[in-house]
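Engineer: Per our numbering: the sequence shown ends with 169, consecutive numbering throughout. Could you have a look at this structure, given as structure tokens, before my questions?
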Amino acid sequence: MSLYIRDPEVDRLATQLQTRTGAKTKTDAVRNALVNELKRQSETVLPSQKIAGAVTMIDEIRAEAVARGLKGQGDFDMKAFTDEMWGE
């Protein structure tokens, strides 16, 4: 399977990378660049992963609260709380 670089700018960048990294060939330079980018991408935490992690953490905190006998907040009345806070 071949990869043909038809864009002169991409060819120039591959040559520049080959020179800077001391790669034997442009193919080696491109391979190393792709491997490094894939590694970098796998180390990056995506926003959806951050959200999933936060949800998991919240679930763990809730479970700990229940285990300690703390009541859930599902019946909290914000209007009543605010009225009481403002003395109304």
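No residue lacks a Cβ here, since even glycine has one placed at the ideal position from N, Cα and C.
#1: Check this for me: beta carbons of L119 and A110, under 9 Å apart or not?
#2: At the level of alpha carbons, what is the spacing between E165 and Q130?
#3: Against chain D, with Cβ distances strictly below 9 Å, would G168 count as a contact?
#4: Starting from the C-beta of R101, find all residues in its chain whose C-beta is less than 6 Å away, skip the five residues before and the five after it, and write them out in chain order.
#5: Alpha carbon to alpha carbon, how far is V126 from G103? Give it in angstroms, no decimals.
#6: Looking at K107: is its Cβ nearer than 9 Å to the Cβ of D88?
#7: From which residue to which residue does the alpha helix (DSSP H) around G172 run?
#8: S123 to I86, Cα distance in whole Å?
#9: What residues in its chain sit with their C-beta under 7 Å from that of T96, if we drop five residues either side in the sequence?
Structural biologist: Per the coordinate set shown:
#1: For the purposes of this step, residue 119 is taken as the residue at position 38 of the sequence shown. For the purposes of this step, residue 110 is taken as the residue at position 29 of the sequence shown. For L119 and A110, no; Cβs fall outside 9 Å.
#2: Along the sequence shown, one-based indexing puts residue 165 at 84. Along the sequence shown, one-based indexing puts residue 130 at 49. Each residue's alpha carbon lies about 39 Å from the other.
#3: The structure shown has no chain D; it contains just one protein chain.
#4: One-based indexing of the sequence shown puts residue 101 at position 20. Once the five neighbours on either side are set aside, R101 has no close Cβ partner at all.
#5: Along the sequence shown, one-based indexing puts residue 103 at 22. Along the sequence shown, one-based indexing puts residue 126 at 45. C-alpha separation (whole angstroms): 31 Å.
#6: One-based indexing of the sequence shown puts residue 107 at position 26. One-based indexing of the sequence shown puts residue 88 at position 7. No, Cβ-Cβ distance for K107 and D88 is not below 9 Å.
#7: Because the chain is modelled from 82 through 169, residue 172 falls outside the range shown and cannot be assessed.
#8: Residue numbering aside, residue 123 sits at position 42 when the sequence shown is read from its first letter. Residue numbering aside, residue 86 sits at position 5 when the sequence shown is read from its first letter. Each residue's alpha carbon lies about 26 Å from the other.
#9: Numbered from its first residue, the sequence shown carries residue 96 at position 15. K107, listed in sequence order.
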